[in-house]
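Written below as structure tokens is the structure these notes are about.
Structural data, given as structure tokens:
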């Protein structure tokens, strides 16, 4: 049933393509008459592309820059450098009208539905609002009734009945709220949906429901998903392609099956080792990874990961590794790459 | 594993008295923790796992919630019969807690050194200032805070999430507790930091032989850290047993479903097993077994009568009418 989640090789049709994307935040670093500015390099040369109808996962610890990538795609931040192409159109050259169009095509679902839903709006208004805004922006006139019908259809799509229409978010359970957030994201019939930790705030029994629901909707509507999370087990379940980020860079990227079968970068391996598995017989002798993620304000020389890497040698402290191919569908940025 | 029971909870009932009715948050829960043993309490939100822990240290939010029945035997003495001042002697010393969010447990306007020293001052009998300072540096080093001596003057905001949680652990371990209750201690941490922290907990436990109660919703964490597991649903224990037994042969359909609902690395392109419905509303529980509405193996009797806890072949216990009946 999930054939559409398979990556179809290199020449598949790309929906979204990021090329050498940078995002630096200037941070005031003292100075009275002459302001000193330091750069926080949140995203530092990231490239990947997402095929139409597939699911792309981005993994990494907090501080790795994965949410900034999502915010860049959502046009909530401006690119410092690089290009972002959506359906072969360059986002940098967008006019106002293009942006309006883009925002109907790209939608997002966030981690915590309780804080992403306005507590003072009824469910029908929350779900219908994107449509009303779009109508206003384009001077179209869909009647209230049509919007109402569409809202009902969306709620039905996410497995809620029309009876919640007049409720407020606080009257719903966590799982229901996340369903509302999904309905709201789907109402404009987007092609790309960004899912930022879509299930990590939910109970275990509800997570499976939401993940199944997202898979069903993807199949039904032919959607493309960009999923951010730190739970590798979940990402392995939902994605066709995965990229692992560390301090603003992608350190490993490839087909999910390949990366999971043979993780190469020491950081990816550490993430797998750190992942708690429901298997009491697993023996873990070594700690997965020492230390903590560094600061993007003060990046280490050479490979960004070397201060935490057990295999670091002189070369790693001096030269920043670039992504190299292990196979046509698997790339790693590590000097000590052992295939 | 050394024997000797640190904590034994018997028939504990903690009810919340709300305007809408009585919520049986903890409804007849019994379990024990031995020296050097780690017990995992697992369940969804609202199943009563945190309320159980709060009841052990008698910190339930009164007057709304009250412990209405049961015994909490700590080293043989019933904590529910102790006076408030006797309890205060125990809390933070013999029984300590680590909560989910370390920022909530640390005071933002006091230095780290100050706060860790407090737990020494409270329980160390008349230690000199330099002895306290040495003790603080020692526990902070134990929990792997780098250059602990320089860090004494830092404030919580200068620490990373992992360091904050380790500081809380240092405070919890300062009094050399007999029992440590950790309520979702790693939920706010990254996986690699979580791994470091759980490792630290296990090491501390080996050294001190304390009992550990680890409350979590993550079965993976329990599998890695605990010896025994208790699974709660709607205020009751539905299954308990040795960790390997429960993971290999779950007896209760709820346990089984929880294990099957986990996405695993190999589960791609399969549909996840899905538990119907939502966690129950404790104000409005169905008659009979609380789980039958969501259960994939419901029988007629489940809808009418509450299943008793029965011992299982091969160890452990569970509360389900299916047990002993032929497999179906």
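Protein chains in written order, with the working numbering: chain A, 2 to 340; chain B, 4 to 331.
All residues carry an ideal CB built from backbone N, CA and C; glycine is no exception.
Which residues in chain A sit within 8 Å of residue i, going by Cβ to Cβ distance?
{"i": "residue 48/B", "result": "175, 204"}
{"i": "residue 264/B", "result": "205, 206, 208, 209"}
{"i": "residue 247/B", "result": "281, 282"}
{"i": "residue 31/B", "result": "Chain A residues near residue 31/B: none, gap ~23 Å exceeds 8 Å."}
Please list, in chain order, the chain B residues whose beta carbon lies closer than 7 Å to that of residue i.
{"i": "residue 197/A", "result": "Under the 7 Å cutoff, chain B gives no residues; its nearest Cβ is about 16 Å from residue 197/A."}
{"i": "residue 271/A", "result": "195"}
{"i": "residue 289/A", "result": "195, 198"}
{"i": "residue 212/A", "result": "266, 275"}
{"i": "residue 15/A", "result": "Going along chain B, no residue has its Cβ under 7 Å from residue 15/A, so there is no contact; the nearest lies around 22 Å."}
Using the Cα positions of residue i and residue j, report the straight-line distance between them to the nearest angstrom.
{"i": "residue 310/B", "j": "residue 164/A", "result": "34 Å"}
{"i": "residue 208/A", "j": "residue 217/B", "result": "22 Å"}
{"i": "residue 5/B", "j": "residue 210/B", "result": "Its pLDDT being 45, under 50, residue 5/B is placed unreliably in this model, and the value from its coordinates should be taken loosely. When rounded, the distance between both Cα atoms is 12 Å."}
{"i": "residue 31/A", "j": "residue 42/A", "result": "18 Å"}
{"i": "residue 112/A", "j": "residue 328/B", "result": "42 Å"}
{"i": "residue 69/B", "j": "residue 212/B", "result": "32 Å"}
{"i": "residue 50/B", "j": "residue 275/A", "result": "27 Å"}
{"i": "residue 232/A", "j": "residue 85/B", "result": "44 Å"}
{"i": "residue 61/A", "j": "residue 251/A", "result": "9 Å"}
{"i": "residue 147/B", "j": "residue 206/A", "result": "35 Å"}
{"i": "residue 227/B", "j": "residue 117/A", "result": "34 Å"}
{"i": "residue 206/B", "j": "residue 117/B", "result": "25 Å"}
What does residue i touch in chain A if you count any residue whose Cβ is under 9 Å from its own?
{"i": "residue 150/B", "result": "Going along chain A, no residue has its Cβ under 9 Å from residue 150/B, so there is no contact; the nearest lies around 13 Å."}
Name the chain B residues whose beta carbon is nearer than 9 Å to that of residue i?
{"i": "residue 280/A", "result": "223, 226, 227, 250"}
{"i": "residue 285/A", "result": "198, 202, 227"}
{"i": "residue 276/A", "result": "194, 198, 223, 268"}
{"i": "residue 246/A", "result": "Chain B residues near residue 246/A: none, gap ~13 Å exceeds 9 Å."}
{"i": "residue 62/A", "result": "193, 194, 195, 196"}
{"i": "residue 331/A", "result": "None at all; the shortest Cβ gap to chain B is about 16 Å."}
Measure from the alpha carbon of residue i to the alpha carbon of each residue in the options, then state which is nearest.
{"i": "residue 114/B", "options": "91/B, 82/B, 171/B", "result": "171/B"}
{"i": "residue 109/A", "options": "125/A, 146/A, 196/A, 136/A", "result": "196/A"}
{"i": "residue 15/A", "options": "87/A, 62/A, 253/A", "result": "87/A"}
{"i": "residue 79/A", "options": "247/A, 53/A, 126/A, 44/A", "result": "44/A"}
{"i": "residue 136/A", "options": "24/A, 118/A, 101/A, 246/A", "result": "101/A"}
{"i": "residue 258/A", "options": "242/A, 249/A, 267/A, 280/A", "result": "242/A"}
{"i": "residue 82/A", "options": "23/A, 192/A, 122/A", "result": "23/A"}
{"i": "residue 75/B", "options": "95/B, 36/B, 111/B, 64/B", "result": "36/B"}
{"i": "residue 198/A", "options": "230/A, 332/A, 125/A", "result": "230/A"}
{"i": "residue 330/A", "options": "25/A, 35/A, 96/A, 244/A", "result": "244/A"}
{"i": "residue 300/B", "options": "154/B, 257/B, 117/B", "result": "257/B"}
{"i": "residue 277/B", "options": "283/B, 81/B, 262/B, 93/B", "result": "262/B"}
{"i": "residue 56/A", "options": "236/A, 314/A, 313/A, 141/A", "result": "236/A"}
{"i": "residue 294/B", "options": "239/B, 244/B, 192/B, 173/B", "result": "239/B"}
{"i": "residue 20/A", "options": "63/A, 59/A, 29/A, 92/A", "result": "92/A"}
{"i": "residue 123/A", "options": "173/A, 95/A, 97/A, 160/A", "result": "173/A"}
{"i": "residue 295/A", "options": "285/A, 225/A, 306/A", "result": "306/A"}
{"i": "residue 274/B", "options": "281/B, 265/B, 234/B", "result": "265/B"}
{"i": "residue 34/B", "options": "215/B, 308/B, 280/B", "result": "215/B"}
Just mark residue i as buried or exposed, buried being the case when its beta carbon has 16 or more other beta carbons within 10 Å.
{"i": "residue 131/B", "result": "exposed"}
{"i": "residue 66/B", "result": "exposed"}
{"i": "residue 60/B", "result": "buried"}
{"i": "residue 238/A", "result": "buried"}
{"i": "residue 39/B", "result": "buried"}
{"i": "residue 162/A", "result": "exposed"}
{"i": "residue 23/B", "result": "exposed"}
{"i": "residue 21/B", "result": "exposed"}
{"i": "residue 285/B", "result": "buried"}
{"i": "residue 149/B", "result": "exposed"}
{"i": "residue 312/A", "result": "exposed"}
{"i": "residue 260/B", "result": "buried"}
{"i": "residue 48/B", "result": "exposed"}
{"i": "residue 227/A", "result": "buried"}
Give the residues of chain A in contact with residue i, contact being defined as C-beta atoms less than 7 Å apart.
{"i": "residue 276/B", "result": "209"}
Taking C-beta pairs closer than 8 Å, name the residues in chain B that residue i reaches, listed in chain order.
{"i": "residue 301/A", "result": "Going along chain B, no residue has its Cβ under 8 Å from residue 301/A, so there is no contact; the nearest lies around 16 Å."}
The ligand GDP and residue i: does any heavy atom of the ligand fall closer than 7 Å to the residue's C-beta?
{"i": "residue 101/A", "result": "The model on display carries no ligand, and the ligand GDP is accordingly not part of it."}
Within 8 Å, do at least three Cβ pairs link the region 14 to 33 of chain B to the region 323 to 330 of chain A?
no
In chain order, what residues of the region 205 to 223 of chain B put their CB closer than 7 Å to some CB of chain D?
Chain labels in this structure do not include chain D; the protein chains are A and B.
Does the region 153 to 160 of chain A come into contact with the region 178 to 190 of chain A, if we say contact requires no fewer than three beta-carbon pairs (one atom in each stretch) closer than 8 Å?
yes
Using 8 Å as the Cβ pair cut-off and three pairs as the minimum, do the region 70 to 79 of chain A and the region 288 to 307 of chain A touch?
no
Below 8 Å, can you find three or more Cβ-Cβ pairs linking the region 158 to 167 of chain B to the region 105 to 120 of chain B?
yes
Touching by the beta-carbon criterion (3+ pairs, under 8 Å), the region 126 to 143 of chain A and the region 217 to 224 of chain A
no
Below 8 Å, how does it come out for the region 252 to 266 of chain B and the region 300 to 320 of chain B: are there three or more Cβ pairs, yes or no?
yes
How about the region 45 to 61 of chain A and the region 278 to 293 of chain A: do they share at least three Cβ pairs that are nearer than 8 Å?
no
Would you call the region 181 to 197 of chain B and the region 85 to 98 of chain B touching, i.e. three or more CB-CB distances under 8 Å?
yes
Under 8 Å: do the region 220 to 240 of chain B and the region 7 to 15 of chain B share three or more Cβ pairs, one atom per stretch?
no
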